[in-house]
Amino acid sequence: MPVVMGTAGHIDHGKTTLVKTLTGIDCDRLEEEKKRGITIELGFAFFDLPDGSKMGIVDVPGHEKFVKNMVAGASGIDFVMLVIAADEGVMPQTREHLEICSLLGIPTGFVALTKTDMVDEEWLELVQEDVKAFLQGSFLEDAPIFPVSSHTGEGLETIRDHITKLEKELTPQRRSDLFRMPVDRSFTMRGHGTVVTGTMVSGSLNIGDEVRFYPHDLLGKVRGLQSHGSAVETAPAGKRTAINIAGVEVADVHRGDVLARPDSLFPSDTWHVELTCLSSSPSPLKNRTEIHFHHGARDVLARLYFPDRDKLMPGETAICEVRFPEPMVGVANDRCVIRSFSPLRTVAGGKLLHPEAERLRKKNPHYEVIWNSLQELPKAEPEDRVRLHLAMAAEKGLSFARLCIFTDIETKKLEKILNLFGGKQEALCFDKEERQYIAGNVLNELSESCLDFMATFHKNEPMKAGLSRGMLASGWGKQLSPKLVHFLVERLIKAKSIVIDGDVLRLPTHKVSMAADQEGLRKTILEAYEKGGITPPNLKEVLEPLEVEVKEAVPVLKLMEENGEMVKVKDTLYYHAPALEKVKDMVREYLSNHDDMGPAELRDLTGLSRKYAIPLLEYFDRVRLTMRIGDKRQLRGTGGA
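Taking full-length UniProt numbering, the leading residue of the sequence shown gets 1, the next gets one more, and so forth.
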């Protein structure tokens, strides 16, 4: 995988001149830079390697006013060339640049001690000793120091050899599955349209690929690619890349936007970060402090919130909630740098733990789980990172795409972990289409909650056979994903923890039962309607001697309907089921010998009054025994319609 070298160091210590001497490329491309003799914007060059390939170099500005540009450049480099002028030694931006490189997790590098032609041997030795002392305790503590003069050429070959050696030894840990590139420059080329440039953090890109500018919903298509000045079909991670994009206006693209594939990143206005306050910080970072937040090529104002303290002292590390005024996109383990609001100076930095965080509030029922998980995340192994994020997501679950971003685990490895978890019931996919996962213990807790809800329902509604899926979803599962509710119910049915009878769900132990007084009411109603036959009594009159209101009897009547004892014809008009069947048989026999029937014919046939005849005919229509033709009825299927 391609390796990128970056420069760091104080203004006017010879970074750009040394890069030009090593590569032949002048990184001061702006007229203002050439006029003032300092690097303002990022500069880019490439170093010719012995095997004919090219290694990218990012030349960063040294002036304190342009440190934000330095951070943008340093975000994508694998090793640093710290440039210190022999005639001046360690200066303020030397210190700040080294701290920034450390905060960004750059693992190694070396020191180029420039302008050696301007000092004598004795002074050079003193400066070298001073530099060694300065580097004590830093990631460059054991790094070699190479005296060099861009003017005379002394030491250049030694530096070239060391750069070649580092390029061979280093194996950058960049993801191959997730294309991502912070945009540090955008412009228009005549005949081509919009072009954006940046260093590809991970993944690869091909001509014809669809891309999105995050955090905006701005979509485009790759029309052309250039890497190190040459047109290519595919650009890999680690390469300095220029991308010609169709369908996007240059005015809509901003420095700091992140170019990635659609639906691969998730904008959020809250991040959780493991933050370290530099020992050199002049003061602690207080809760709710407003700061400059640097991530990739983006520089935004933000506020810091410390859930477990009032302030972060110099040298301390803690979990921090960072809130942004506008959405940001990131991937777990991304590095960030914090600069104080005023005066501007680097005071802290850290590692991204959660790029789509839920704001920490103690009233949140999952607060303890989230807080404990965040504290474990910094040192967690890949499998544990998956467990911790699923635990934090609780019943919401997480999609495979989000797990890829939240855990910083490559796709193939994440699939293996989830398959392993599935076999052990540690994580289950409840939505195969969207690839949504939930922790096994969370699903078990939801299952218990669902069974408890059904037990309570049966207790409160003992005469109901059960409840429908819709009632369960709108009652117990109204805060859950409908697909999760469906998955859980099917799982409980398969485990025989729930029984399904037609469209009704119930617990296996549930049997419809009535209290003694309700059973007595049932018997009274049944006897009255059996006695009434095809001329049923008035329900209200049946209930009056018992001092029972109609609405109080409805549950008993409903149960009698479900048991097939009674039939509701209309409102409070009920029939004893065998009596109603008798009337049906009479109607069938009559219509088998006559063309049609009206209320008068039914009345003559049965002796029923009009108040029974008309509701009965309407009921027979509803149950599809008869069909209405004008004012008459015919048997269904007789061809009379």
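Glycine is no exception: its CB is placed at the ideal position from the N, C-alpha and C atoms.
Query                                                                                                                           : Result
Best match in G137, F146, D142, F139 for proximity to V127 [C-alpha to C-alpha]                                                 : F146
Residue range of the beta strand (DSSP E) that includes V232                                                                    : 230 to 232
DSSP three-state assignment for W476, whether helix, strand or coil                                                             : coil
C-alpha gap between E552 and E544, whole angstroms                                                                              : 12 Å
Length-filtered (3 minimum) beta strand (DSSP E) runs lying within the stretch 186 to 270                                       : 193 to 199, 204 to 206, 210 to 214, 218 to 227, 230 to 232, 234 to 236, 240 to 246, 258 to 260
Proximity winner among G630, K351, F324, relative to residue 654 (alpha-carbon distances)                                       : For the chain, the structure presents residues 1 to 641; residue 654 sits outside this window and is missing.
Assigned exposure category for T171 - 16 Cβ within 10 Å defines buried                                                          : exposed
Three CB pairs or more closer than 8 Å across the stretch 79 to 98 and the stretch 254 to 265                                   : no
DSSP state of R29 mapped onto helix, strand, coil                                                                               : The pLDDT assigned to R29 is 47, lower than 50, so where the model puts this residue is not dependable, and the model offers no usable value.
Under the three-state DSSP convention, the category D596 falls into                                                             : coil
Inter-residue spacing [alpha-carbon to alpha-carbon] between G224 and P2                                                        : 20 Å
C-beta atoms of A348 and L301 nearer than 8 Å                                                                                   : no
Whether Y214 touches A260 by CB criterion (8 Å)                                                                                 : yes
Beta-carbon proximity check, P284 vs L265, cutoff 8 Å                                                                           : no
Coil, strand or helix - I629 by DSSP                                                                                            : strand
R175 versus S202: straight-line alpha-carbon distance, rounded                                                                  : 5 Å
M5, enclosing beta strand (DSSP E) - first and last residue                                                                     : 4 to 9
Contacts around F487, its chain only, beta-carbon distance under 6 Å, and the 5 residues preceding and following it disregarded : F430
F293, enclosing beta strand (DSSP E) - first and last residue                                                                   : 290 to 295
Beta-bridge partners of R335, as assigned by DSSP                                                                               : K351
Secondary structure of residue 642, DSSP reduced to three states                                                                : This structure leaves residue 642 out entirely; the chain is present only between 1 and 641.
With 16 other Cβ atoms within 10 Å as the buried cut-off, status of H10                                                         : buried
Buried versus exposed call for T509 [16 or more other C-beta atoms within 10 Å across all chains shown]                         : exposed
Inter-residue Cα distance where the pair is K65 and L344                                                                        : Residue confidence is low: K65 scores 44 on pLDDT, short of 50, so the model does not pin down where it sits. Its coordinate-derived value is still stated next. Each residue's alpha carbon lies about 9 Å from the other.
Cβ neighbours of F139 in the same chain (closer than 6 Å, five flanking residues each side left out)                            : S102
Segments of 4+ residues assigned as alpha helix (DSSP H) that fall wholly inside the stretch 404 to 471                         : 411 to 423, 440 to 460
Touching by the beta-carbon criterion (3+ pairs, under 8 Å), the stretch 323 to 340 and the stretch 355 to 365                  : yes
Reference residue 644, options L539, A237, K15, closest by Cα                                                                   : Because the chain in this structure spans residues 1 to 641, residue 644 falls outside the shown range and cannot be described.
Beta bridge counterpart(s) of D48 as assigned by DSSP                                                                           : K54
Cutoff 7 Å; reference A528; Cβ partners in own chain excluding five residues on either side                                     : P537, V542
Residues bridged to M81 [DSSP beta-bridge criterion]                                                                            : T7, F110
C-beta atoms of G533 and A495 nearer than 8 Å                                                                                   : no
Assumed close pair T241, M200 - CB separation to whole angstroms, cut-off 8 Å                                                   : 5 Å
Three-state secondary structure (DSSP) of Q634                                                                                  : strand
Span of the beta strand (DSSP E), counted from its first residue to its last, around R323                                       : 317 to 328
Extent of the continuous alpha helix (DSSP H) run through R387                                                                  : 382 to 393
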